[in-house]
Structure formats: C-alpha cells, structure tokens
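To start, the structure itself, in structure tokens.
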Amino acid sequence: MIQITYFKKKNRLVISGHAFSGEAGHDLVCAGVSALTYTLAANVGNMEEQGIVKDAKVKLHKGHGTIRCNAVEGCEDMVKRIYEAVCVGFEILANRFPKNISYTVC
Numbered sequence: 410m411i412q413i414t415y416f417k418k419k420n421r422l423v424i425s426g427h428a429f430s431g432e433a434g435h436d437l438v439c440a441g442v443s444a445l446t447y448t449l450a451a452n453v454g455n456m457e458e459q460g461i462v463k464d465a466k467v468k469l470h471k472g473h474g475t476i477r478c479n480a481v482e483g484c485e486d487m488v489k490r491i492y493e494a495v496c497v498g499f500e501i502l503a504n505r506f507p508k509n510i511s512y513t514v515c
C-alpha cells in the first residue's frame, strides 16, 4: 500500500510504499501517484526559482518521497493552493483504490 501524508501547516508531503495493483512497470495506480508526485516536485522547484518558496527539499526514491518547502511572506496562500490542487488527486486515487492507497492530512 502507498501511504501519503500531507502535513498542511508545514507544506510537506511524505509518500512511502508501493501500490501492488499491477505488475512492475504496468501499475496504473502507481503511475497516477508518481505523476502527481512529480508534478508537485516540479512546481516546488519552479516556485523556489521564482522566489516564492525557500528551503525547498525534494527527495524522491523508489518507494519513498518527501517534498517540503517554506513559503516566503505573502505567498503562503499560493503555495497552499498548489499543494492542495495536487493533493485532491491523491484523495481521489485513495477513494477509488482504498486497498492500494492511504491518504491522510495532518
């Protein structure tokens, strides 16, 4: 099972595990989680380049990932909207595939 935890107040997302809903390389649930994860990672990187966030950390490894950043003053709402837009996708996947994904907001 993939466990996804969104720490809302810290702009931090932690992902671990595997979906095991198909054979390796053909697991559509895993592909959906990966696409959303890499989308958030790219957005955090872009926001850091634009000076919207600081102290960005993106660590993505097979079966585990952490994405976090600190919004600069005045940009907090923008950063939250980007995280939450991606997290809606995680929530949809978790509702659709409850045996493969656990999504929690802290």
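Our numbering puts the first residue of the sequence shown at 410, with every later residue one more than the last.
We put the CB at the ideal spot given by N, CA and C, even for glycine.
From a predicted model like this one, the values you see are computed outputs, not experimental measurements.
When C-alpha distances from Ile411 are compared across Asn509, Asn479 and Asp464, the shortest belongs to Asn509. The alpha-carbon separation between Glu493 and Val481 amounts to approximately 17 Å. Under DSSP, the beta-bridge partners assigned to Val514 are Tyr415.
Between the alpha carbons of Lys466 and Ala428 lies a gap of roughly 24 Å.
In the DSSP assignment, the residues bridged to Thr475 are Val423 and Lys468.
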